[in-house]
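> I'd like to ask some things about the structure below.
Numbering (our numbering), first residue to last: 960 to 1401.
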């Protein structure tokens, strides 16, 4: 969904921080779950900040069913639009809400700032691990045992939106590999159109493409961070798209603009490798093409592979300082696993659930009229099961996104290459970590 996914996340911090395994909700070690997660006596009032459209109605359902645990919801701009900055200021001042919405790629930043409660000791949390798509649990646990620094909410498994009518009318096969996609790009260009638009600024989309190819940009060994935007896989993906750019086989318009929408609305662009929430973006941006689109699995690097990337997704975290982590956790579990809540969130905000049961919601099994009545979420359910749990986000993602984006913008203008942009972004990220006293290996 564009309102929650298009922005990169979390403002670059200037305060000194510590290594990811050196902080906890109580200021001590995070090697084990926070011990104090017991029910309160009497009525509890919680505060929750989110930017999801319609979240107030969902919270009302909880409040009516749980008179002793009342949740007051506060809404605001998306994370990078100001909410994350507010969270950090509130954490410093000691008046953060009990719960907050945090995207997966922002969680490491909050953790190194000692802002998240490890919920693993709270009743029902570790039992719920099996209820969520495996890789989403890895995002909130940092793939550690006995850890859960948030409850997964939604995800953005990636697939390929494509103009089924145009491919059929021009006798072009739907590409199933990236090699076939490049061939199709030549055929589409021969018609005067482009197969897709390469985004100069959606670096989290590019990260999803690297994710699908088996790469990962960050790591942490318990003491030090590693940064590797220039691993073999990332360079392979960069070189692939550089070749399409050099041969004028993809357009390079800035995304999320009227021109970008118009390209899809007029048939000037035929595909978009995007996340589940992209269905709403296509429908709203290209209304004249209703019924002409379809969804297929993303092209693979090798024929027969079954791998997908992810673009976007959020969690519900409990902040350091909450006096009621037990009750906050119970609400977070309900919010992100109840069929009633998940159905409401999908209808109001097109959220694609991280809970396994949510993938089978009746609303996600229906044919979608805009996509020729194809049950498109079946494709995203398949994709979700093919996302690797190994991809790691770093603690300064906004800085990384911005630096790489600057390089990508230069590259599409003929100044440098995408691979060079990754090299520059890696150096800038290492410098940023050092400047914030975050241990990093070179």
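Think of the CB as a built atom: it goes at the ideal place given N, C-alpha and C, for glycine as much as any other residue.
None of these values were measured; they are calculated from a predicted model.
Closer than 6 Å by C-beta to residue 1338: which residues in its own chain qualify, once you throw out the five before and the five after it? Chain order, please.
Excluding positions up to five away in sequence, the list reads 1118 and 1254.
> If you check the beta carbons only, do residue 999 and residue 1283 fall under 8 Å apart?
Contact: yes.
> CB residue 1111 to CB residue 1096, shorter than 8 Å?
Yes, they are a contact pair.
> For residue 1394, which of 1358, 1371 and 1065 has the nearest alpha-carbon?
Checking every option, the nearest Cα to that of residue 1394 belongs to 1358.
> Suppose only complete runs of 4+ residues qualify. What are the alpha helix (DSSP H) ranges in the segment 1352-1386, listed by chain order?
Entirely contained in the segment 1352-1386, the alpha helix (DSSP H) runs reaching 4 residues are, in chain order, 1356-1371.
> In whole angstroms, what separates the C-alpha of residue 1286 from that of residue 1003?
Roughly 8 Å between the two C-alpha positions.
> Using 10 angstroms around the beta-carbon of residue 1388, count the other beta-carbons present and answer buried if the total reaches 16, otherwise exposed.
Residue 1388 is buried by the Cβ-count criterion.
> Should the segment 1363-1370 be regarded as contacting the segment 1135-1153, the criterion being three or more beta carbon pairs within less than 8 Å?
Segments in contact, no.
> Could you tell me if residue 1366 is buried or exposed, where buried requires 16 or more neighbouring beta carbons within 10 angstroms of its beta carbon?
Answer is buried; the Cβ neighbour count reaches 16.
> Measuring straight from C-alpha to C-alpha, what distance separates residue 1364 and residue 1024?
C-alpha separation (whole angstroms): 46 Å.
> Just checking, does the segment 1157-1176 make contact with the segment 1325-1336 on the three C-beta pairs under 8 Å criterion?
No, the segment 1157-1176 does not touch the segment 1325-1336.
> Under the three-state reduction of DSSP, which class applies to residue 988: helix, strand or coil?
The predicted model places residue 988 with a pLDDT of 34, which falls under 50 and marks its position as unreliable; any figure quoted below should be read in that light. The answer is coil: DSSP assigns residue 988 none of H, G, I, E or B.
> Going by the DSSP bridge assignment, what does residue 1231 pair with across the sheet?
DSSP output for residue 1231 lists 1120 as bridge partner(s).
> Rounded to whole angstroms, how far is the Cβ of residue 1274 from the Cβ of residue 1092, which I believe are closer than 8 Å?
Going by Cβ atoms, the distance from residue 1274 to residue 1092 rounds to 12 Å, so no, they are not a contact pair.
> Could you tell me the alpha carbon to alpha carbon distance between residue 916 and residue 1221, rounded to whole angstroms?
Residue 916 falls outside the range modelled here, since the chain spans only 960 to 1401, and no answer is possible.
> Hey, residue 1316 and residue 1295 are a contact pair by Cβ (cut 8 Å); roughly how many whole angstroms apart?
With 8 Å as the limit, residue 1316 and residue 1295 do not qualify as a contact, their Cβ atoms being about 11 Å apart.
> Going by CA-CA distance only, name the one from 1157, 1127 and 1218 that's closest to residue 1232.
Comparing Cα positions, the closest option is 1157.
> Under a three-way DSSP split, which group does residue 1113 fall into?
Three-state DSSP puts residue 1113 in a strand.
> Using DSSP bridges, identify the partner residues of residue 1007.
The partner list for residue 1007 (beta bridge, DSSP) reads 1032 and 1058.
> Could you check where the alpha helix (DSSP H) with residue 1106 kicks off and where it finishes?
Neither: residue 1106 is in no alpha helix (DSSP H) and is coded neither H nor E.
> For the beta strand (DSSP E) that contains residue 1253, what are its first and last residues?
Residue 1253 -> beta strand (DSSP E) spans 1252-1255.
> Of the residues 1304, 1022 and 1058, which one's Cα is nearest the Cα of residue 1033?
Measuring from the Cα of residue 1033, the nearest candidate turns out to be 1058.
> Does the Cβ of residue 1271 have 16 or more other Cβ atoms within 10 Å, making it buried, or fewer, making it exposed?
It counts as buried.
> Are the beta-carbon atoms belonging to residue 1171 and residue 1266 less than 8 Å from one another?
Yes, they are a contact pair.
> Is the beta carbon of residue 1239 less than 8 Å from the beta carbon of residue 1309?
Taking 8 Å as the Cβ cut-off, residue 1239 and residue 1309 qualify as a contacting pair.
> If you drop the 5 nearest sequence neighbours on each side, which residues of the same chain put their C-beta closer than 6 Å to that of residue 1174?
1190, 1192 and 1193, listed in sequence order.
> Would DSSP call residue 1312 helix, strand or coil?
Residue state, collapsed to three classes: strand.
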